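What follows is a short report on a single structure.
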Amino acid sequence: MKHIRWIWRFWQPHRPWLYVLGFLTLLSSAATIGFPLVLKFVIDNLDENLKDNPSLDATELTYKLVMMIVIVGLVRSASWIYPGVRAQVNNLLEKDVREYYFGQIVQKGYRFFQKFRTGDLVTRLSDDIFGFPKIAWFCCSGIFRAVESSSKFVFCMAFMFYMNWQLALLAIIPLPVMLMIFYRIRMALTKASADRQQIFSRTNDELEASFSGIRILKAFCGEMHQVRNLRGILDERIAVELRLQRLWMGVRMLYQGVQFTGQIIVIVAGGYMVLNDQLKIGEFYAFYVYLSILLAPLMDIPNLFVTSRQAFACIDREIEIEETRGGTEDIYTGRDTVGRIERLALERASFCFDPGLPNAVDNVDLELGSGRKIAIVGRVGSGKSTLLKVVAGLLPPQEGALLVNGRPLTEYALDDYRRHVGYIPQEATLFSESVS
34 MKHIRWIWRF WQPHRPWLYV LGFLTLLSSA ATIGFPLVLK FVIDNLDENL KDNPSLDATE
94 LTYKLVMMIV IVGLVRSASW IYPGVRAQVN NLLEKDVREY YFGQIVQKGY RFFQKFRTGD
154 LVTRLSDDIF GFPKIAWFCC SGIFRAVESS SKFVFCMAFM FYMNWQLALL AIIPLPVMLM
214 IFYRIRMALT KASADRQQIF SRTNDELEAS FSGIRILKAF CGEMHQVRNL RGILDERIAV
274 ELRLQRLWMG VRMLYQGVQF TGQIIVIVAG GYMVLNDQLK IGEFYAFYVY LSILLAPLMD
334 IPNLFVTSRQ AFACIDREIE IEETRGGTED IYTGRDTVGR IERLALERAS FCFDPGLPNA
394 VDNVDLELGS GRKIAIVGRV GSGKSTLLKV VAGLLPPQEG ALLVNGRPLT EYALDDYRRH
454 VGYIPQEATL FSESVS
(Lines of atoms letter the chains of each structure in order from A; the text may use other names.)
(Lines give C-alpha, C1' and ligand atoms only; values in the text may rest on other atoms or scores of the structure.)
Protein backbone atom coordinates (compact mmCIF):
# COMPACT_ATOMS: atom_id res chain seq x y z
CA MET A 34 0.00 0.00 0.00
CA LYS A 35 2.88 2.40 0.63
CA HIS A 36 3.69 2.37 -3.08
CA ILE A 37 0.09 3.16 -4.00
CA ARG A 38 0.03 6.06 -1.52
CA TRP A 39 3.34 7.29 -2.91
CA ILE A 40 2.00 7.24 -6.49
CA TRP A 41 -1.23 9.00 -5.48
CA ARG A 42 0.75 11.77 -3.78
CA PHE A 43 2.30 12.76 -7.10
CA TRP A 44 -0.96 12.27 -8.99
CA GLN A 45 -2.91 14.73 -6.83
CA PRO A 46 -1.77 17.91 -8.67
CA HIS A 47 -2.79 16.27 -11.96
CA ARG A 48 -6.20 14.84 -11.04
CA PRO A 49 -7.98 16.44 -14.06
CA TRP A 50 -5.80 14.28 -16.29
CA LEU A 51 -7.35 11.20 -14.66
CA TYR A 52 -10.72 12.06 -16.21
CA VAL A 53 -9.14 12.75 -19.61
CA LEU A 54 -7.21 9.48 -19.56
CA GLY A 55 -10.27 7.58 -18.32
CA PHE A 56 -12.35 8.87 -21.24
CA LEU A 57 -9.60 8.12 -23.77
CA THR A 58 -9.22 4.62 -22.31
CA LEU A 59 -12.91 3.93 -22.93
CA LEU A 60 -12.71 5.46 -26.43
CA SER A 61 -9.65 3.40 -27.35
CA SER A 62 -11.17 0.16 -26.05
CA ALA A 63 -14.51 0.80 -27.75
CA ALA A 64 -12.86 1.59 -31.10
CA THR A 65 -10.66 -1.50 -30.93
CA ILE A 66 -13.47 -3.85 -29.89
CA GLY A 67 -16.06 -2.32 -32.22
CA PHE A 68 -14.03 -2.48 -35.42
CA PRO A 69 -14.21 -6.30 -35.86
CA LEU A 70 -17.94 -6.23 -35.03
CA VAL A 71 -18.58 -3.68 -37.77
CA LEU A 72 -16.57 -5.73 -40.26
CA LYS A 73 -18.48 -8.85 -39.21
CA PHE A 74 -21.77 -7.05 -39.78
CA VAL A 75 -20.62 -5.71 -43.16
CA ILE A 76 -19.39 -9.08 -44.43
CA ASP A 77 -22.39 -11.06 -43.20
CA ASN A 78 -24.90 -8.44 -44.37
CA LEU A 79 -23.39 -8.28 -47.83
CA ASP A 80 -23.19 -12.07 -48.06
CA GLU A 81 -26.82 -12.59 -46.98
CA ASN A 82 -28.19 -9.93 -49.33
CA LEU A 83 -26.34 -11.37 -52.32
CA LYS A 84 -27.47 -14.90 -51.46
CA ASP A 85 -31.13 -13.88 -51.06
CA ASN A 86 -31.16 -11.76 -54.22
CA PRO A 87 -28.33 -12.62 -56.63
CA SER A 88 -29.51 -9.99 -59.15
CA LEU A 89 -29.33 -7.21 -56.53
CA ASP A 90 -27.25 -4.16 -57.45
CA ALA A 91 -24.84 -4.12 -54.53
CA THR A 92 -23.47 -0.64 -55.24
CA GLU A 93 -25.74 1.28 -52.86
CA LEU A 94 -25.49 -1.36 -50.15
CA THR A 95 -21.73 -1.49 -50.48
CA TYR A 96 -21.55 2.32 -50.23
CA LYS A 97 -23.47 2.30 -46.93
CA LEU A 98 -21.37 -0.49 -45.50
CA VAL A 99 -18.13 1.19 -46.53
CA MET A 100 -19.27 4.43 -44.87
CA MET A 101 -19.81 2.48 -41.64
CA ILE A 102 -16.26 1.16 -41.84
CA VAL A 103 -14.90 4.66 -42.52
CA ILE A 104 -16.73 6.14 -39.51
CA VAL A 105 -15.45 3.44 -37.17
CA GLY A 106 -11.98 3.87 -38.66
CA LEU A 107 -12.07 7.62 -37.96
CA VAL A 108 -13.07 6.96 -34.35
CA ARG A 109 -10.22 4.50 -34.06
CA SER A 110 -7.82 7.04 -35.56
CA ALA A 111 -8.95 9.62 -32.99
CA SER A 112 -8.10 7.14 -30.23
CA TRP A 113 -4.48 7.15 -31.40
CA ILE A 114 -3.90 10.41 -29.50
CA TYR A 115 -4.26 8.35 -26.32
CA PRO A 116 -0.61 7.18 -26.17
CA GLY A 117 0.53 10.76 -26.77
CA VAL A 118 -1.54 12.03 -23.84
CA ARG A 119 -0.14 9.27 -21.64
CA ALA A 120 3.39 10.27 -22.64
CA GLN A 121 2.65 13.90 -21.75
CA VAL A 122 1.44 12.92 -18.28
CA ASN A 123 4.50 10.67 -17.90
CA ASN A 124 6.65 13.78 -18.45
CA LEU A 125 4.67 15.79 -15.89
CA LEU A 126 5.06 13.09 -13.25
CA GLU A 127 8.75 12.68 -14.07
CA LYS A 128 9.33 16.41 -13.59
CA ASP A 129 7.46 16.48 -10.27
CA VAL A 130 9.23 13.44 -8.82
CA ARG A 131 12.68 14.65 -9.85
CA GLU A 132 12.16 18.19 -8.54
CA TYR A 133 10.74 16.93 -5.25
CA TYR A 134 13.63 14.60 -4.51
CA PHE A 135 16.23 17.08 -5.70
CA GLY A 136 14.72 19.48 -3.18
CA GLN A 137 15.03 16.77 -0.53
CA ILE A 138 18.68 16.14 -1.39
CA VAL A 139 19.79 19.78 -1.18
CA GLN A 140 18.36 19.95 2.36
CA LYS A 141 20.30 16.92 3.59
CA GLY A 142 23.30 17.02 5.90
CA TYR A 143 26.70 15.38 5.89
CA ARG A 144 25.62 11.90 7.00
CA PHE A 145 23.35 11.60 3.98
CA PHE A 146 26.24 12.24 1.57
CA GLN A 147 28.42 9.76 3.43
CA LYS A 148 25.84 7.08 2.57
CA PHE A 149 24.95 8.17 -0.98
CA ARG A 150 27.67 8.95 -3.49
CA THR A 151 27.05 11.46 -6.24
CA GLY A 152 26.86 8.87 -9.01
CA ASP A 153 24.24 6.91 -7.10
CA LEU A 154 22.15 10.05 -6.57
CA VAL A 155 22.40 10.91 -10.27
CA THR A 156 21.04 7.44 -11.10
CA ARG A 157 18.18 7.82 -8.62
CA LEU A 158 17.21 11.19 -10.09
CA SER A 159 17.50 10.11 -13.73
CA ASP A 160 17.44 6.45 -14.69
CA ASP A 161 15.18 5.36 -11.79
CA ILE A 162 12.55 7.90 -12.85
CA PHE A 163 12.76 8.16 -16.64
CA GLY A 164 12.01 5.51 -19.26
CA PHE A 165 10.49 2.05 -19.41
CA PRO A 166 9.62 0.50 -17.01
CA LYS A 167 10.63 3.08 -14.42
CA ILE A 168 8.63 5.33 -12.12
CA ALA A 169 7.19 7.95 -14.49
CA TRP A 170 6.20 5.39 -17.13
CA PHE A 171 4.62 2.99 -14.66
CA CYS A 172 2.68 5.65 -12.72
CA CYS A 173 0.72 6.63 -15.85
CA SER A 174 1.29 4.53 -18.96
CA GLY A 175 1.85 1.28 -17.07
CA ILE A 176 -1.34 1.58 -15.04
CA PHE A 177 -3.60 2.86 -17.83
CA ARG A 178 -2.27 0.33 -20.33
CA ALA A 179 -3.22 -2.41 -17.89
CA VAL A 180 -6.70 -0.90 -17.42
CA GLU A 181 -7.18 -0.61 -21.17
CA SER A 182 -5.89 -4.13 -21.75
CA SER A 183 -8.15 -5.58 -19.04
CA SER A 184 -11.23 -4.04 -20.65
CA LYS A 185 -10.19 -5.28 -24.10
CA PHE A 186 -9.58 -8.78 -22.77
CA VAL A 187 -12.96 -9.00 -21.01
CA PHE A 188 -14.97 -7.72 -23.98
CA CYS A 189 -13.03 -9.75 -26.56
CA MET A 190 -13.64 -12.94 -24.61
CA ALA A 191 -17.30 -12.05 -24.10
CA PHE A 192 -17.91 -11.47 -27.83
CA MET A 193 -15.98 -14.59 -28.82
CA PHE A 194 -18.02 -16.80 -26.49
CA TYR A 195 -21.21 -15.07 -27.61
CA MET A 196 -20.50 -15.81 -31.29
CA ASN A 197 -19.34 -19.42 -30.83
CA TRP A 198 -18.30 -20.80 -27.47
CA GLN A 199 -16.81 -24.01 -28.92
CA LEU A 200 -14.39 -22.13 -31.17
CA ALA A 201 -13.63 -19.68 -28.34
CA LEU A 202 -12.56 -22.55 -26.08
CA LEU A 203 -10.34 -23.98 -28.80
CA ALA A 204 -8.78 -20.57 -29.51
CA ILE A 205 -7.71 -19.93 -25.91
CA ILE A 206 -6.13 -23.37 -25.31
CA PRO A 207 -2.54 -21.98 -25.59
CA LEU A 208 -3.20 -19.04 -23.23
CA PRO A 209 -3.01 -20.89 -19.86
CA VAL A 210 0.29 -22.43 -20.97
CA MET A 211 1.67 -18.97 -21.73
CA LEU A 212 0.57 -17.57 -18.37
CA MET A 213 2.08 -20.52 -16.51
CA ILE A 214 5.46 -20.09 -18.20
CA PHE A 215 5.38 -16.33 -17.67
CA TYR A 216 4.61 -16.87 -13.97
CA ARG A 217 7.67 -19.12 -13.71
CA ILE A 218 10.09 -16.57 -15.19
CA ARG A 219 8.72 -13.42 -13.56
CA MET A 220 11.11 -13.62 -10.59
CA ALA A 221 14.08 -13.97 -12.92
CA LEU A 222 12.94 -10.83 -14.77
CA THR A 223 12.55 -8.93 -11.51
CA LYS A 224 16.01 -9.92 -10.26
CA ALA A 225 17.65 -9.10 -13.59
CA SER A 226 16.02 -5.65 -13.59
CA ALA A 227 17.17 -4.96 -10.01
CA ASP A 228 20.73 -6.01 -10.93
CA ARG A 229 20.57 -3.63 -13.89
CA GLN A 230 19.72 -0.66 -11.66
CA GLN A 231 22.52 -1.51 -9.24
CA ILE A 232 25.12 -1.73 -11.99
CA PHE A 233 23.88 1.62 -13.35
CA SER A 234 24.56 3.21 -9.97
CA ARG A 235 28.01 1.64 -9.75
CA THR A 236 28.90 2.89 -13.24
CA ASN A 237 27.84 6.45 -12.42
CA ASP A 238 29.68 6.29 -9.08
CA GLU A 239 32.90 5.23 -10.80
CA LEU A 240 32.64 7.94 -13.46
CA GLU A 241 31.83 10.65 -10.93
CA ALA A 242 34.74 9.61 -8.70
CA SER A 243 37.10 9.63 -11.69
CA PHE A 244 36.11 13.13 -12.80
CA SER A 245 36.00 14.59 -9.28
CA GLY A 246 39.41 13.18 -8.37
CA ILE A 247 41.07 13.74 -11.73
CA ARG A 248 43.87 15.86 -10.22
CA ILE A 249 44.82 13.12 -7.78
CA LEU A 250 44.67 10.48 -10.51
CA LYS A 251 46.97 12.51 -12.74
CA ALA A 252 49.35 13.37 -9.91
CA PHE A 253 49.81 9.73 -8.85
CA CYS A 254 49.62 8.21 -12.37
CA GLY A 255 46.50 6.29 -11.46
CA GLU A 256 44.80 6.47 -14.85
CA MET A 257 45.37 2.83 -15.82
CA HIS A 258 44.16 1.57 -12.46
CA GLN A 259 40.96 3.57 -12.89
CA VAL A 260 40.60 2.31 -16.47
CA ARG A 261 40.82 -1.29 -15.22
CA ASN A 262 38.18 -0.62 -12.57
CA LEU A 263 35.82 0.93 -15.09
CA ARG A 264 36.43 -1.88 -17.59
CA GLY A 265 35.53 -4.46 -14.95
CA ILE A 266 32.29 -2.66 -14.13
CA LEU A 267 31.40 -2.27 -17.81
CA ASP A 268 32.05 -5.98 -18.46
CA GLU A 269 29.74 -6.82 -15.59
CA ARG A 270 27.17 -4.37 -16.91
CA ILE A 271 27.29 -5.99 -20.36
CA ALA A 272 26.60 -9.39 -18.79
CA VAL A 273 23.67 -8.02 -16.80
CA GLU A 274 22.17 -6.29 -19.84
CA LEU A 275 22.51 -9.41 -21.99
CA ARG A 276 20.87 -11.58 -19.34
CA LEU A 277 17.91 -9.21 -19.12
CA GLN A 278 17.53 -8.99 -22.90
CA ARG A 279 17.66 -12.79 -23.24
CA LEU A 280 14.80 -13.09 -20.79
CA TRP A 281 12.70 -10.50 -22.63
CA MET A 282 13.45 -12.13 -25.99
CA GLY A 283 12.26 -15.45 -24.57
CA VAL A 284 9.03 -13.83 -23.37
CA ARG A 285 8.40 -12.20 -26.77
CA MET A 286 9.06 -15.44 -28.63
CA LEU A 287 6.62 -17.17 -26.29
CA TYR A 288 3.95 -14.57 -27.06
CA GLN A 289 4.47 -14.95 -30.80
CA GLY A 290 4.24 -18.73 -30.53
CA VAL A 291 0.98 -18.48 -28.61
CA GLN A 292 -0.42 -16.02 -31.15
CA PHE A 293 0.44 -18.20 -34.15
CA THR A 294 -0.84 -21.36 -32.45
CA GLY A 295 -4.16 -19.72 -31.63
CA GLN A 296 -4.50 -18.33 -35.14
CA ILE A 297 -3.81 -21.75 -36.68
CA ILE A 298 -6.48 -23.29 -34.46
CA VAL A 299 -9.00 -20.61 -35.49
CA ILE A 300 -8.18 -21.00 -39.19
CA VAL A 301 -8.46 -24.81 -39.15
CA ALA A 302 -11.41 -25.23 -36.79
CA GLY A 303 -13.19 -22.03 -37.88
CA GLY A 304 -12.74 -22.84 -41.56
CA TYR A 305 -14.24 -26.29 -40.97
CA MET A 306 -17.23 -24.70 -39.22
CA VAL A 307 -17.73 -22.23 -42.09
CA LEU A 308 -17.72 -25.05 -44.63
CA ASN A 309 -20.36 -26.89 -42.58
CA ASP A 310 -22.49 -23.74 -42.10
CA GLN A 311 -21.85 -23.77 -38.34
CA LEU A 312 -20.19 -20.35 -38.48
CA LYS A 313 -20.72 -17.32 -40.68
CA ILE A 314 -17.84 -15.91 -42.69
CA GLY A 315 -18.09 -12.57 -40.85
CA GLU A 316 -17.95 -14.31 -37.47
CA PHE A 317 -14.95 -16.30 -38.67
CA TYR A 318 -13.12 -13.09 -39.60
CA ALA A 319 -14.11 -11.40 -36.31
CA PHE A 320 -12.77 -14.40 -34.38
CA TYR A 321 -9.44 -14.13 -36.15
CA VAL A 322 -9.16 -10.39 -35.44
CA TYR A 323 -10.24 -10.73 -31.79
CA LEU A 324 -7.61 -13.40 -31.22
CA SER A 325 -4.96 -11.00 -32.57
CA ILE A 326 -6.31 -8.24 -30.32
CA LEU A 327 -6.14 -10.55 -27.29
CA LEU A 328 -2.38 -10.97 -27.56
CA ALA A 329 -1.49 -7.40 -26.52
CA PRO A 330 -3.69 -7.47 -23.37
CA LEU A 331 -2.27 -10.86 -22.45
CA MET A 332 1.18 -9.27 -22.64
CA ASP A 333 0.23 -6.06 -20.85
CA ILE A 334 -1.63 -7.59 -17.91
CA PRO A 335 1.18 -9.93 -16.76
CA ASN A 336 3.71 -7.22 -17.65
CA LEU A 337 1.98 -4.96 -15.13
CA PHE A 338 3.07 -7.28 -12.34
CA VAL A 339 6.64 -7.52 -13.63
CA THR A 340 7.01 -3.79 -14.33
CA SER A 341 5.36 -2.98 -11.00
CA ARG A 342 8.13 -4.89 -9.23
CA GLN A 343 10.73 -2.93 -11.15
CA ALA A 344 8.97 0.40 -10.61
CA PHE A 345 8.37 -0.34 -6.91
CA ALA A 346 12.08 -1.11 -6.52
CA CYS A 347 12.83 2.33 -8.00
CA ILE A 348 10.21 3.93 -5.74
CA ASP A 349 11.86 2.29 -2.72
CA ARG A 350 15.15 3.87 -3.78
CA GLU A 351 13.49 7.31 -3.86
CA ILE A 352 11.78 6.72 -0.50
CA GLU A 353 15.20 5.80 0.91
CA ILE A 354 16.39 9.30 -0.01
CA GLU A 355 13.44 10.80 1.83
CA GLU A 356 13.81 8.67 4.95
CA THR A 357 17.59 8.85 5.37
CA ARG A 358 18.57 11.35 8.01
CA GLY A 359 21.16 13.90 7.04
CA GLY A 360 22.54 14.55 10.52
CA THR A 361 21.37 18.17 10.85
CA GLU A 362 17.55 17.95 10.86
CA ASP A 363 17.24 18.02 14.66
CA ILE A 364 20.10 20.48 15.21
CA TYR A 365 19.50 23.51 13.00
CA THR A 366 15.88 24.18 13.90
CA GLY A 367 16.09 27.91 14.63
CA ARG A 368 14.03 30.52 12.80
CA ASP A 369 15.73 33.84 13.66
CA THR A 370 17.38 35.90 10.92
CA VAL A 371 21.11 36.59 11.13
CA GLY A 372 21.40 40.16 9.88
CA ARG A 373 24.98 41.44 9.52
CA ILE A 374 27.64 39.04 10.82
CA GLU A 375 30.07 40.89 13.08
CA ARG A 376 31.63 37.95 14.90
CA LEU A 377 32.02 34.20 14.47
CA ALA A 378 33.41 31.99 17.21
CA LEU A 379 33.98 28.32 17.93
CA GLU A 380 33.90 27.31 21.59
CA ARG A 381 35.43 23.90 22.39
CA ALA A 382 34.04 22.59 19.09
CA SER A 383 34.57 18.95 18.15
CA PHE A 384 33.37 16.94 15.19
CA CYS A 385 33.63 13.26 14.23
CA PHE A 386 32.38 11.75 10.98
CA ASP A 387 31.57 8.34 12.44
CA PRO A 388 31.37 6.96 15.98
CA GLY A 389 34.52 5.05 16.82
CA LEU A 390 36.76 7.23 14.66
CA PRO A 391 39.04 9.94 16.05
CA ASN A 392 37.67 13.48 16.01
CA ALA A 393 38.43 15.32 12.78
CA VAL A 394 38.09 18.58 14.74
CA ASP A 395 38.87 18.27 18.45
CA ASN A 396 38.14 20.87 21.13
CA VAL A 397 38.84 23.90 18.93
CA ASP A 398 38.49 27.52 20.07
CA LEU A 399 38.48 30.12 17.31
CA GLU A 400 37.25 33.70 16.97
CA LEU A 401 36.74 35.61 13.71
CA GLY A 402 35.88 39.30 13.65
CA SER A 403 34.43 41.34 10.81
CA GLY A 404 37.10 42.49 8.35
CA ARG A 405 39.81 40.06 9.52
CA LYS A 406 41.66 37.58 7.31
CA ILE A 407 42.59 34.27 8.91
CA ALA A 408 44.83 31.53 7.46
CA ILE A 409 44.50 28.01 8.88
CA VAL A 410 47.65 25.95 8.35
CA GLY A 411 48.28 22.28 9.12
CA ARG A 412 49.48 18.99 7.74
CA VAL A 413 47.41 16.83 5.39
CA GLY A 414 44.50 15.24 7.24
CA SER A 415 44.71 17.54 10.25
CA GLY A 416 41.10 18.73 9.80
CA LYS A 417 41.50 22.10 8.07
CA SER A 418 38.73 21.47 5.49
CA THR A 419 36.48 19.96 8.15
CA LEU A 420 36.96 23.03 10.33
CA LEU A 421 35.95 25.33 7.46
CA LYS A 422 32.84 23.22 6.83
CA VAL A 423 31.89 23.55 10.50
CA VAL A 424 32.26 27.35 10.28
CA ALA A 425 30.23 27.40 7.03
CA GLY A 426 27.41 25.50 8.73
CA LEU A 427 27.84 22.42 6.54
CA LEU A 428 28.86 20.22 9.48
CA PRO A 429 27.38 20.64 12.98
CA PRO A 430 29.79 20.52 15.93
CA GLN A 431 28.94 17.46 18.04
CA GLU A 432 30.49 19.06 21.08
CA GLY A 433 30.84 22.74 21.81
CA ALA A 434 29.15 25.39 19.68
CA LEU A 435 29.45 27.73 16.70
CA LEU A 436 28.48 31.24 17.82
CA VAL A 437 27.20 33.89 15.40
CA ASN A 438 27.23 37.39 16.91
CA GLY A 439 27.44 35.71 20.31
CA ARG A 440 24.46 33.38 19.81
CA PRO A 441 24.54 29.66 18.87
CA LEU A 442 23.93 29.00 15.19
CA THR A 443 21.17 26.59 16.21
CA GLU A 444 18.99 29.61 17.09
CA TYR A 445 19.16 30.97 13.54
CA ALA A 446 17.57 29.77 10.32
CA LEU A 447 20.34 27.83 8.59
CA ASP A 448 19.31 29.00 5.11
CA ASP A 449 19.54 32.62 6.22
CA TYR A 450 23.01 32.07 7.70
CA ARG A 451 24.27 30.44 4.51
CA ARG A 452 23.15 33.46 2.48
CA HIS A 453 25.80 35.47 4.36
CA VAL A 454 28.61 32.94 3.95
CA GLY A 455 30.70 32.20 0.85
CA TYR A 456 32.42 28.83 0.77
CA ILE A 457 34.71 27.50 -1.98
CA PRO A 458 35.42 23.77 -1.57
CA GLN A 459 38.70 22.25 -2.66
CA GLU A 460 36.96 19.33 -4.40
CA ALA A 461 36.62 19.70 -8.18
CA THR A 462 33.02 19.74 -9.40
CA LEU A 463 31.90 19.48 -13.03
CA PHE A 464 28.75 21.22 -14.28
CA SER A 465 27.10 20.80 -17.67
CA GLU A 466 26.33 24.53 -17.90
CA SER A 467 27.61 27.80 -16.50
CA VAL A 468 26.62 28.55 -12.88
CA SER A 469 27.12 32.30 -13.34
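Start counting the sequence shown at 34; every next residue gets the next number (the numbering used here). Quick reminder that beta carbons are idealized off the backbone N, C-alpha and C, glycines included. Please read all numbers here as calculations on a predicted model, not as lab measurements.
State the start and end residues of the unbroken beta strand (DSSP E) segment that holds D398.
-> For the purposes of this step, residue 398 is taken as the residue at position 365 of the sequence shown. Residues V394 to G402.
Indicate the three-state DSSP secondary structure (helix, strand or coil) for A425 in the structure shown.
-> Looking up residue 425 in the sequence shown gives position 392. Correct three-state label for A425: coil.
What do you get for S403, buried or exposed, if any count of 16 or more other CB atoms within 10 angstroms of its CB means buried?
-> Within the sequence shown, numbered from 1, the residue matching residue 403 stands at position 370. S403 is exposed by the Cβ-count criterion.
Figure out for me which residue from E353, G389, L436 and L59 has the closest Cα to the Cα of W113.
-> Translated into positions along the sequence shown, residue 113 becomes position 80. Minimum Cα distance to W113 is reached at L59.
Whole angstroms is fine: what's the gap from V371's alpha carbon to R358's?
-> The residue given as residue 371 occupies position 338 in the sequence shown. The residue given as residue 358 occupies position 325 in the sequence shown. Answer to the nearest angstrom: the Cα atoms are 26 Å apart.
Hey, V454 and Y445: beta-carbon distance below 8 Å or not?
-> Position 421 of the sequence shown, counted from the first residue, corresponds to residue 454. Position 412 of the sequence shown, counted from the first residue, corresponds to residue 445. For V454 and Y445, no; Cβs fall outside 8 Å.
Decide yes or no for the touch test of the stretch 177-195 against the stretch 329-340: beta carbon pairs closer than 8 Å, at least 3 of them.
-> Taking 8 Å as the limit for Cβ pairs, the verdict is that the stretch 329-340 does touch the stretch 177-195.
Under the DSSP definition of a beta bridge, which residues are partnered with S383?
-> As a working note, residue 383 is residue 350 in the sequence shown. BP columns for S383 point to E432.
Which value, in whole angstroms, describes the spacing of the CA atoms of R350 and I76?
-> Taking the sequence shown and counting its residues from 1, the one referred to as residue 350 is at position 317. Taking the sequence shown and counting its residues from 1, the one referred to as residue 76 is at position 43. Computed Cα separation, rounded: 55 Å.
First and last residue of the alpha helix (DSSP H) that includes S182?
-> The sequence position of residue 182 within the sequence shown is 149, counting from 1. Counting along the chain, the alpha helix (DSSP H) containing S182 begins and ends at I176 to M196.
Is N123 near L312, with beta carbons less than 8 Å apart?
-> On the sequence shown, residue 123 is found 90 positions in, with the first residue counted as 1. On the sequence shown, residue 312 is found 279 positions in, with the first residue counted as 1. Taking 8 Å as the Cβ cut-off, N123 and L312 do not qualify as a contacting pair.
Just how far apart, CA to CA, sit L51 and R119?
-> Indexing the sequence shown from 1 puts residue 51 at position 18. Indexing the sequence shown from 1 puts residue 119 at position 86. Whole-angstrom Cα-Cα distance: 10 Å.
Helix, strand or coil for D310 per DSSP?
-> On the sequence shown, position 277 is the one that residue 310 refers to. Three-state DSSP puts D310 in coil, outside helix and strand.
Check whether the Cβ atoms of A169 and L203 sit closer than 8 Å, and answer yes or no.
-> Taking the first residue of the sequence shown as 1, we reach residue 169 at position 136. Taking the first residue of the sequence shown as 1, we reach residue 203 at position 170. Not a contact, by the Cβ cut-off of 8 Å.
Inter-stretch contact (C-beta, 8 Å, three-pair minimum) for the stretch 300-319 and the stretch 228-239 = Contact fails: fewer than three Cβ-Cβ distances are below 8 Å.
Please go through the same chain and pick out, in chain order, the residues whose beta-carbon is closer than 7 Å to the beta-carbon of P69, but skip the five residues on each side of it.
-> Along the sequence shown, one-based indexing puts residue 69 at 36. The beta carbon of P69 lies closer than 7 Å to those of A319, V322 and Y323 in the same chain, with the five residues before and after it left out.
Could you give the residue range of the alpha helix (DSSP H) that holds F146?
-> For the purposes of this step, residue 146 is taken as the residue at position 113 of the sequence shown. Here the alpha helix (DSSP H) through F146 covers Y143 to K148.
Taking 8 Å as the cut-off, decide whether the C-beta atoms of A346 and A221 are in contact.
-> Residue mapping note: residue 346 aligns to position 313 of the sequence shown, counting from 1. Residue mapping note: residue 221 aligns to position 188 of the sequence shown, counting from 1. For the pair A346 and A221, the CB atoms are not nearer than the 8 Å cut-off.
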